[in-house]
Amino acid sequence: MHTGEEHRRDVREREERERNERHDDGERHDGGGERPTMTIVPHGPYVVRGKVRIVEDAIVPAADGTHLEYDRVREIETKDDEEVALCRCGHSCHTPFCDGTHAKVGFDGTETASRAPYAERADEYEGPLVDLDDDNRCAYARMCHQAHGDVWTLTEEGNTVPLEDEAIAGAWNCPTGRLVSMNAHTREVYEQHFEPTIVLLEDIQEGDSGPIFAAGHIRLVGADGKPYEDRNRYAVCRCGSSENEPFCDAMHINVQFRDASPAWAGAIGSTDPLFDYHPHA
Ligand code: FES
Numbered sequence: 001m002h003t004g005e006e007h008r009r010d011v012r013e014r015e016e017r018e019r020n021e022r023h024d025d026g027e028r029h030d031g032g033g034e035r036p037t038m039t040i041v042p043h044g045p046y047v048v049r050g051k052v053r054i055v056e057d058a059i060v061p062a063a064d065g066t067h068l069e070y071d072r073v074r075e076i077e078t079k080d081d082e083e084v085a086l087c088r089c090g091h092s093c094h095t096p097f098c099d100g101t102h103a104k105v106g107f108d109g110t111e112t113a114s115r116a117p118y119a120e121r122a123d124e125y126e127g128p129l130v131d132l133d134d135d136n137r138c139a140y141a142r143m144c145h146q147a148h149g150d151v152w153t154l155t156e157e158g159n160t161v162p163l164e165d166e167a168i169a170g171a172w173n174c175p176t177g178r179l180v181s182m183n184a185h186t187r188e189v190y191e192q193h194f195e196p197t198i199v200l201l202e203d204i205q206e207g208d209s210g211p212i213f214a215a216g217h218i219r220l221v222g223a224d225g226k227p228y229e230d231r232n233r234y235a236v237c238r239c240g241s242s243e244n245e246p247f248c249d250a251m252h253i254n255v256q257f258r259d260a261s262p263a264w265a266g267a268i269g270s271t272d273p274l275f276d277y278h279p280h281a
């Protein structure tokens, strides 16, 4: 059993190790170039710079009906290195892009979210095969619900490889990065590798448009010019109503935010290959 302090030290050391590995990896594969960045404009949009794909995915039931998955709706064409401004206020007439409406509606985009590191904010759940960290930032994407239970139950009670598989898949497909699953014995973190991708979510069951899911260590820089903590996954608000700006807090459901996605006319393709639902396959 780990004490709280041992756990926090483990997490800090693990994150430092991962940062160093990413640095090495970046130097090998892209000449040490900068990671793509999302910069918050004061009371305005997110400005995206660098090599990053922008796609739109629908949250829909998987074919076997046991869990939800991301299905690709479309890829949004952008030119390499072109700056793109994504709407944050929820009022643009040209979603997902900013059209300047934020100024007309007097959007207040004040960032109120804690800047404390994930390791300090997260609670720990322990299990026989995997442990789980959880910082409670929820976008209501419901990936944490799997065929044989939710991620917390699967973590604490799952004692077979298939149940462990579900615990990991439910954690690592959560868009907010709220849930981080790790090997209970070695403390190795289970995270998918993503090429930097911005995923605009459409929640078909709930009938609303969800957050911007940033996958693959995209740098997030606040309106004050200070970067947020480096995360592999996080979800930022695009309905303009979050009470934890810039992060999504599922308020898009309360305000029934819906963008102009072709998903609402049925243009939904098949499972997005960006995501893995079978960690041990
Ligand atoms: S942030 Fe500019 S129109 Fe929404």
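So in full-length UniProt numbering, the last one in the sequence shown is 281, and the numbering has no gaps at all. Just so you know, even glycine gets a beta-carbon here, dropped at the ideal spot from N, CA and C. The structure displayed is predicted, hence computed values, not measured ones.
Going by DSSP, residue 169 is part of the alpha helix (DSSP H) stretching over 161 to 172. Distance from the C-beta of residue 107 to the nearest heavy atom of ligand 1 is below 7 Å. Comparing alpha-carbon positions, the option among 70, 54, 53 lying closest to residue 61 turns out to be 70.
By the neighbour-count criterion, in which 16 or more other beta carbons inside 10 Å mark a residue as buried, residue 266 falls on the exposed side. Looking only at 111, 90, 240, 166, the smallest Cα-Cα distance to residue 131 is reached by 166.
Here residue 66 is exposed, its C-beta having fewer than 16 other C-beta atoms within 10 Å. Boundaries cannot be given for residue 268, as no alpha helix (DSSP H) includes it and DSSP labels it neither H nor E.
Annotation: residue 232 is outside any alpha helix (DSSP H) and is labelled neither H nor E by DSSP. Under the Cβ criterion (8 Å, minimum of three pairs), the segment 115 to 131 does not count as touching the segment 49 to 61. In this chain, the beta strand (DSSP E) harbouring residue 38 covers 37 to 40. Between residue 212 and residue 238, the gap from beta carbon to beta carbon is short of 8 Å. Inclusion of residue 171 and residue 151 in the CB contact set at 8 Å is warranted, their separation being smaller than that value. For residue 169 against residue 194, the beta-carbon gap comes to about 15 Å, at or over 8 Å, which does not count as contact.
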